[in-house]
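So the structure is just underneath, and the comments pick up after that.
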Amino acid sequence: MDSIDRSIMNVIRLDARIANVSIARRLGLAPSVVLDRMRKLKRNGYIRGFETRFDDAKLGLLLTAFVELDTGERIGETGIGQILADMPEVREVYDVAGACSYLLKVVVRDTEALRNLMSRIGQIEGVEKSKTTLVLHTIKDALSAEIEVESPGQE
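The sequence shown lines up with residues 1088 to 1242 when you count with the working numbering.
The following block contains the structure:
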């Protein structure tokens, strides 16, 4: 991957629906070059897919929380994580090292929905303790980080 690929990825990171012709125009490339590079980036796994992002608040999902879970699982076991990943309210599940076993990002309607979710999570065999932190305001919510583009000669 070179600086042109990184530049293409930075453009589509902000707008995945942008046409190849528009990318080409913005970066001063031929549309065929952009198309070929996009195909190569997908084929080589740099681009895993394109997702639609919904407005949670407009869907009535007004509460985001992070949940730290302690479990009885040994390091490397992720059975509980797989169960958590199947819950629709659970957006992200991380198997982590540190003070807890898993870190979850959950999105629900309200505090009652959160209480119900936490009750269901607490019933999973092996879950020992949880700590929940409510999000008051989201300052940054990015799907991907900006990709550093090297200057010519740095590649």
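The C-beta atom is built at its ideal place from N, Cα and C for all residues, glycine as well. Bear in mind the structure is a predicted one, so any value in this text is a computation, not a measurement.
Residue i, DSSP secondary structure in three states
{"i": "arginine 1244", "result": "No answer is possible for residue 1244: the residues shown for the chain start at 1088 and end at 1242."}
{"i": "leucine 1122", "result": "helix"}
{"i": "alanine 1232", "result": "coil"}
{"i": "lysine 1192", "result": "strand"}
{"i": "aspartate 1182", "result": "strand"}
{"i": "glutamate 1176", "result": "coil"}
{"i": "threonine 1220", "result": "strand"}
{"i": "alanine 1117", "result": "coil"}
Cut-off 8 Å between Cβ atoms - residues of its own chain near residue i, not counting five sequence neighbours on either side
{"i": "glycine 1168", "result": "Val1180, Asp1182 and Tyr1189"}
{"i": "alanine 1200", "result": "Leu1150 and Glu1176"}
Distance, residue j Cα to residue i Cα
{"i": "valine 1194", "j": "valine 1098", "result": "28 Å"}
{"i": "glycine 1163", "j": "serine 1206", "result": "25 Å"}
{"i": "glutamate 1237", "j": "serine 1094", "result": "9 Å"}
{"i": "serine 1090", "j": "leucine 1128", "result": "13 Å"}
{"i": "aspartate 1102", "j": "glutamate 1235", "result": "17 Å"}
{"i": "alanine 1229", "j": "arginine 1178", "result": "14 Å"}
{"i": "glycine 1166", "j": "asparagine 1203", "result": "21 Å"}
{"i": "alanine 1186", "j": "serine 1109", "result": "47 Å"}
Cβ neighbour criterion (16 or more within 10 Å) applied to residue i
{"i": "arginine 1124", "result": "buried"}
{"i": "glutamate 1215", "result": "exposed"}
{"i": "leucine 1223", "result": "exposed"}
{"i": "arginine 1140", "result": "exposed"}
Own chain residues within Cβ distance below 6 Å of residue i, not counting five before or after
{"i": "methionine 1174", "result": "none"}
Own chain residues within Cβ distance below 7 Å of residue i, not counting five before or after
{"i": "aspartate 1197", "result": "Leu1149 and Leu1150"}
State whether the region 1155 to 1166 contacts the region 1125 to 1137, with contact taken as three or more CB pairs (one from each stretch) at a distance under 8 Å.
-> No, they do not touch.
Can we say the region 1117 to 1131 touches the region 1143 to 1151, given the rule of at least three CB pairs closer than 8 Å?
-> No, because fewer than three Cβ pairs between the region 1117 to 1131 and the region 1143 to 1151 fall closer than 8 Å, the two stretches do not touch.
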